[in-house]
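Residue numbers (this note's numbering), protein chains in the order written: chain A, 1 to 97; chain B, 1 to 460. To keep things clear, I will list the structure first and then write my remarks on it.
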């Protein structure tokens with residue numbers, strides 16, 4: 001792939017991860033399961049695409065828990081996912097420069 | 001210039017990533033970020049290949065794929081998802097996808113899949129012929145989930161690789177030509193021509209020339225040689241619709257053609273050998289036509305090797321709603337409308353109505369409604385008065401009650417094969433070589449199968 005294209009994709013991915021992280025947090029705060037499910041799907045897709053396995057796993061686990069209706073430790077998982085997403089976005093943004 | 005690949009994906013990073021990968025593979029692409037955008041782009045671009053994410057902000061990717069394929073079966077869908085469940089993979093393949101990719105996937109894999117999709121032949125030919133004002137659905141646009149139509153699907157699948165002649169019966173407007181197109185499209189002749197002839201629409205004097213061709217000067221008005229439908233269908237399928245309207249003199253020539261695979265154009269001294277599979281159809285009762293002397297019995301038995309019955313719309317349960325939905329999508333594109341569905345009351349009326357004109361009538365009703373109205377839903381006030389009134393009465397309809405006994409229903413493939421073979425032998429007066437010719441297999445094949453049945457003592 002063209003190095004310029006690769007750099008542009010990393011930069012855009014960093015933005016997408018950051019935006020999705022914020023939107024997932026908002027959906028969780030107001031408890032909108034449908035919106036949260038969509039954001040988790042996007043987070044999982046992005047994470048898998050860039051090889052952020054831990055983030056992909058966390059987002060995937062949260063999707064399963066959301067589907068099953070389990071709410072215990074949801075906040076804890078969301079916190080972990082938020083942290084992983086921040087780190088992934090920073091890594092990508094730094095690499096794109 | 002080849003049409004661009006349509007990418008249906010709402011995440012900007014993935015849109016850019018897929019475009020970059022495709023660009024590296026030499027493919028141009030366009031992006032749609034939602035179901036609504038995808039509908040517009042699909043209609044405008046007529047893409048050959050679509051990359052589809054299963055999770056979209058305003059709908060489900062599989063539902064969208066079904067809807068777009070119903071409108072135009074030409075495109076090849078490659079589904080991409082992070083949800084790697086087998087269930088979704090199977091569902092998307094059943095809905096018409098040719099490939100299912102789970103993220104993360106190798107870039108080279110995506111390029112290879114797209115290249116393969118582009119280089120493979122068309123799934124089936126699209127026929128834009130307009131009949132009775134109804135734009136034709138593309139070949140393979142068989143829509144329906146009812147048990148009644150699934151029996152038809154199963155028969156089509158069972159005979160797909162055979163050369164056997166197919167005889168389709170059913171009321172007017174039930175989709176006999178669509179059925180014939182599906183038989184052709186799923187056969188090994190799918191890349192060959194599909195040539196339809198409506199025997200009832202051509203005058204008896206011209207029919208022989210239309211089917212077998214003529215040489216210059218052989219008949220009045222013949223200013224040049226003309227290749228007939230049988231010759232044009234060489235390597236493919238000849239579909240003879242309204243076969244019971246064919247005059248007896250042409251029936252004799254058709255019978256000889258079926259027996260020898262040779263045609264003699266009008267005015268010609270020499271015959272030509274052609275390789276054609278015949279599918280015939282009628283909305284009449286062929287046995288009554290034989291009794292009236294209008295249809296040769298030997299021709300009928302030669303044609304009636306594999307019978308397929310097209311059920312009337314009133315016996316197909318909720319298929320009327322599925323088909324109506326597909327027609328809305330099609331007419332939205334051709335008439336510039338934005339209908340998304342039928343109101344609940346209209347759906348209930350459609351289910352109750354008897355649809356004497358079947359799918360053709362349904363298409364005409366919807367087309368009229370969409371020409372005269374522009375709204376999101378078809379409502380009862382848009383329906384013709386006759387349908388509104390009749391739709392209030394209960395029509396005899398049941399997805400569970402078979403109208404005509406299908407002799408192949410419930411049989412295994414082996415048992416169905418035995419029924420067909422034994423019927424052919426019976427029609428051939430017990431002659432196995434004759435039966436073999438009718439079934440287009442060697443006589444030794446039938447002898448072997450009979451021996452195997454006798455040995456195992458199997459029965460149907």
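Each residue gets a CB set at the ideal place from its N, CA and C atoms; glycine is no exception. Everything numeric in this text was worked out from a predicted model, so none of it was measured.
Secondary structure note for residue 277/B: its beta strand (DSSP E) is the uninterrupted segment 277–282. For residue 21/A, the closest of 38/A, 44/A, 82/A by C-alpha to C-alpha distance is 82/A. Identification of chain A residues near residue 24/B by a Cβ-Cβ cut-off of 8 Å yields 1, 2, ordered along the chain. Per DSSP, residue 49/A is one residue of the alpha helix (DSSP H) stretching across 33–50.
Exclusion of the five residues before and after residue 95/A leaves 10 as the residues of its chain whose Cβ lies within less than 7 Å of its Cβ. Runs of alpha helix (DSSP H) with 4 or more residues, each lying fully within the stretch 311–360 of chain B, are found at 319–335, 344–352, listed in chain order. Judged by DSSP in its simplified three-state form, residue 226/B adopts strand.
Here residue 28/B has 2, 4, 5, 22 as same chain residues with Cβ atoms under 8 Å from its own Cβ, once five neighbours each way along the sequence are excluded. Annotation: Cβ neighbours of residue 42/A in chain B (cutoff 7 Å, chain order): 11.
Nearest to residue 230/B by alpha-carbon distance, out of 217/B, 250/B, 216/B, is 250/B.
Contact annotation: residue 43/B and residue 58/B have beta-carbon atoms that are not nearer than 7 Å.
For the stretch 24–37 of chain A, the beta-carbon criterion of a distance under 8 Å to any beta-carbon of chain B is satisfied by none of its residues. For residue 17/B, the residues of chain A that pass the 7 Å Cβ criterion are 9, 49, in the order they occur in the chain. For residue 150/B, the number of other beta carbons within 10 angstroms of its own is below 16, and it is reported as exposed.
Within the DSSP bridge table, the entry for residue 60/B names 55/B as partners. By the beta-carbon neighbour count (other beta carbons within 10 angstroms, threshold 16), residue 88/A is buried. Taking 7 Å as the cut-off, the beta carbon of residue 71/B is found no closer than this to the beta carbon of residue 50/B. Judged by beta-carbon spacing, residue 332/B lies beyond the 7 Å limit of residue 171/B, meaning their Cβ atoms are not closer than that value. For the options 8/B, 9/B, 20/B, 101/B, the alpha carbon positioned closest to that of residue 2/A is the one of 20/B.
Annotated as proximal: residue 39/A and residue 24/A, with beta-carbon spacing under 7 Å.
Under the three-state reduction of DSSP, residue 220/B is assigned to coil, being neither helix nor strand. For residue 30/B, the enclosing beta strand (DSSP E) begins and ends at 29–32. Excluding five sequence positions before and after residue 93/A, the CB atoms of its chain that fall closer than 7 Å to its own CB belong to 11, 14, given in chain order. DSSP, reduced to helix, strand and coil, places residue 72/B outside both helices and strands of the structure shown, so it counts as coil. Contact between residue 96/B and residue 69/B is confirmed by a C-beta separation of about 5 Å, below the 8 Å threshold.
In the displayed model, residue 7/B falls within a strand according to three-state DSSP. Annotated as proximal: residue 236/B and residue 189/B, with beta-carbon spacing under 7 Å. Of all residues in the stretch 28–57 of chain B, only 55, 57 place a beta-carbon less than 7 Å from a beta-carbon of chain A.
The beta-bridge partner set that DSSP reports for residue 81/B consists of 102/B.
Per the Cβ contact rule, the stretch 288–296 of chain B is not in contact with the stretch 429–444 of chain B (fewer than 3 Cβ pairs under 8 Å). Leaving aside the five residues that flank residue 375/B on each side, none in its chain has a CB nearer than 6 Å to its CB.
Here the alpha carbon of residue 212/B sits roughly 22 Å from the alpha carbon of residue 168/B. Minimum Cα-Cα distance from residue 32/B among the listed residues 24/B, 54/B, 48/B, 15/B corresponds to 15/B. Three or more Cβ pairs closer than 8 Å define a contact, and the stretch 360–376 of chain B falls short of that threshold against the stretch 97–114 of chain B. Residue 59/A places its beta carbon 7 Å or farther from that of residue 77/A. Residue 262/B is classed as exposed because its beta carbon has fewer than 16 other beta carbons within 10 Å across all chains shown.
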